[in-house]
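Chains as they are written, first to last, in the working numbering: chain A, 355 to 562; chain B, 355 to 562.
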């Protein structure tokens with residue numbers, strides 16, 4: 355069985371639920387609990403864990419602390435994960451300040467923008483000129499980048515990231531990036547997501 | 355052949371590319387051009403269009419203006435699409451100001467937040483108390499909602515939206531919403547997307 359993106363996103367949800375259960379004082383958890391939290395079947399929870407060699411006790415379930423440690427280990431959460439953002443517009447600025455990332459050990463190291471008026475070297479997250487992005491990524495050995503620049507600039511920014519050592523990109527620009535074998539690109543197309551919702555809502559209205 | 359979400363997201367990309375080609379003065383366009391822009395095979399472009407009864411001239415390609423009109427019609431772009439946002443935090447505020455939406459005829463009508471200090475009735479997009487969301491959605495016949503509240507509040511906000519007439523939800527909270535048959539929920543799990551990237555980047559490093 356191979357690991358796919360959906361499996362990892364489910365692990366991320368289980369981790370989220372586990373943290374809440376731990377805060378409530380739970381010592382043990384059952385696949386049914388995690389299934390409810392992640393909105394999937396409990397057999398899938400067990401399948402996901404078994405891929406990574408995690409087995410529970412049929413009667414006793416999983417030990418919460420042990421499970422959190424194992425899931426964190428799989429997700430690489432035992433190291434702080436540093437990312438850079440290109441583009442300090444609305445989306446880039448929101449992600450820079452997004453509490454959800456920090457809570458999960460994801461640290462935005464720096465943001466880069468081509469507009470000099472946005473430069474802010476002393477903020478909690480520094481905003482630096484885009485020209486310095488290449489050296490910064492190399493010096494800090496960053497491997498993950500987020501692209502929040504306008505679509506006309508996205509492909510140029512992507513090329514700089516890849517040539518500096520970035521291996522994974524979360525792309526918010528609504529364009530397709532020509533990628534290479536060893537670079538992973540995930541696209542979050544916000545306009546596309548909304549347009550798809552509108553289409554299906556309208557389609558179901560017409561069917562009635 | 356049925357229409358799925360990926361097909362609609364591709365249509366959204368074609369539309370984006372068509373607008374740029376039109377601006378450059380193009381009168382005709384070929385499936386190969388759109389395939390490049392969307393990063394898919396040209397046979398898939400023709401397949402997508404044929405689902406909606408759009409056929410090109412094999413030699414002459416598609417007429418840009420005609421194609422834009424047809425795609426807009428499919429995507430319901432000939433009407434302005436109004437949406438509401440719950441949550442005026444970092445992500446909600448960014449989406450409220452996101453130029454990408456407005457450019458595509460997506461209008462954020464109002465944002466709702468439980469924090470009274472965020473209320474701003476006179477802004478370009480009004481920020482209103484969450485208590486008024488239900489009436490607002492009903493009165494303005496809004497059908498699409500975006501959830502950007504913390505995960506503990508997400509399910510409550512979702513229930514209010516559904517009971518007010520919302521039929522499609524874009525959910526940024528990293529929790530699964532218990533949905534019903536005629537409500538469409540799309541999840542954008544930002545932490546999950548990043549964690550998935552990190553996992554696969556780390557996994558490919560280990561393989562080397």
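Don't be surprised by glycine CBs; every beta carbon is placed ideally from N, CA and C.
| Query | Result |
| --- | --- |
| Mind listing the chain B neighbours of residue 536 of chain A? Cutoff is C-beta to C-beta under 8 angstroms, in chain order. | 558 |
| If you reduce the DSSP assignment to three classes, tell me which class residue 416 of chain B lands in. | strand |
| According to DSSP, is residue 546 of chain A part of a helix, a strand, or is it coil? | helix |
| Using the C-alpha atoms, what's the distance from residue 510 of chain A back to residue 441 of chain A? | 12 angstroms |
| For residue 530 of chain B, which three-state DSSP category applies? | coil |
| Look at the Cβ atom of residue 374 of chain A, then the Cβ atom of residue 417 of chain A, and state whether they are nearer than 8 angstroms. | no |
| Residue 440 of chain B lies in the beta strand (DSSP E); which residues open and close that run? | 435 to 440 |
| For residue 397 of chain B, count the other beta carbons within 10 Å of its own beta carbon; 16 or more makes it buried, fewer makes it exposed. Which is it? | exposed |
| Would you mind reading off the limits of the beta strand (DSSP E) that contains residue 467 of chain B? | 460 to 467 |
| Let me know the secondary structure DSSP gives residue 446 of chain B once reduced to three states. | helix |
| In chain B, which residues lie less than 8 angstroms from residue 521 of chain A when you measure between Cβ atoms? | 555, 558 and 559 |
| Who pairs with residue 524 of chain A in a beta bridge, going by DSSP? | A:500 and A:540 |
| Exposed or buried, what is residue 523 of chain A when buried is set at 16 or more other beta-carbons lying within 10 Å of its beta-carbon? | buried |
| Since residue 400 of chain B and residue 385 of chain B should fall inside the 8 angstroms C-beta cutoff, what is the C-beta to C-beta distance between them, to a whole number of angstroms? | 5 angstroms |
| Take the Cβ of residue 410 of chain B as the centre, count every other Cβ of all protein chains shown within 10 Å, and call the residue buried at 16 or more, exposed below. | buried |
| Beta-carbon of residue 497 of chain B versus every beta-carbon of chain A: anything under 8 angstroms? | yes |
| Please confirm whether residue 464 of chain A has its beta-carbon closer than 8 angstroms to some beta-carbon of chain B. | no |
| Do the segment 499 to 517 of chain A and the segment 440 to 460 of chain A make contact, defined as three or more Cβ pairs closer than 8 angstroms? | yes |
| By alpha-carbon positions, which one of B:488, B:433 and B:521 ends up nearest to residue 558 of chain A? | B:521 |
| Quick check on this structure: which residue in A:402, A:371, A:377 and A:389 has the alpha carbon closest to the alpha carbon of residue 572 of chain A? | What the structure shows of chain A is the stretch from 355 to 562, and residue 572 of chain A is not part of that stretch, so it cannot be assessed. |
| In terms of residue numbering, what span does the alpha helix (DSSP H) encompassing residue 429 of chain B cover? | Per DSSP, residue 429 of chain B belongs to no alpha helix (DSSP H) and is neither H nor E. |
| Could you list the residues in the segment 399 to 423 of chain A with a C-beta less than 9 angstroms from some C-beta on chain B, going in chain order? | none |
| Please report whether the beta-carbon of residue 395 of chain B lies at a distance below 8 angstroms from any beta-carbon of chain A. | no |
| Along chain A, which residues have their Cβ under 8 angstroms away from the Cβ of residue 451 of chain B? | 444 |
| If you measure between the beta carbons of residue 501 of chain A and residue 512 of chain A, is that distance less than 8 angstroms? | yes |
| What residue range does the beta strand (DSSP E) around residue 482 of chain B cover? | 481 to 483 |
| Check the Cβ of residue 491 of chain A against every Cβ in chain B and list those closer than 9 angstroms, keeping chain order. | Those do not exist, as residue 491 of chain A stays about 14 angstroms from chain B at its closest Cβ, beyond 9 angstroms. |
| If distances are taken between C-alpha atoms only, which option among B:413, B:463 and B:535 comes closest to residue 436 of chain B? | B:463 |
| Beta-carbon within less than 6 angstroms of residue 422 of chain B's beta-carbon, same chain only, minus the 5 sequence neighbours each way: which residues are those? | 372 |
| What residue does the alpha helix (DSSP H) around residue 456 of chain B start on, and which one ends it? | 453 to 457 |
| Under 8 angstroms between beta-carbons, which chain B residues line up against residue 624 of chain A? List them in chain order, please. | Past the boundaries of the shown model lies residue 624 of chain A; chain A is included only from 355 to 562, so the question cannot be answered. |
| Out of B:450, B:504, B:379 and B:389, state which residue places its alpha-carbon closest to the alpha-carbon of residue 454 of chain A. | B:504 |
| Buried or exposed for residue 489 of chain B, going by 16 or more other Cβ atoms inside 10 Å? | exposed |
| Tell me where the alpha helix (DSSP H) around residue 387 of chain A begins and ends. | 385 to 392 |
| Along chain B, in chain order, which residues have C-beta atoms closer than 7 angstroms to that of residue 363 of chain A? | 543, 546 and 550 |
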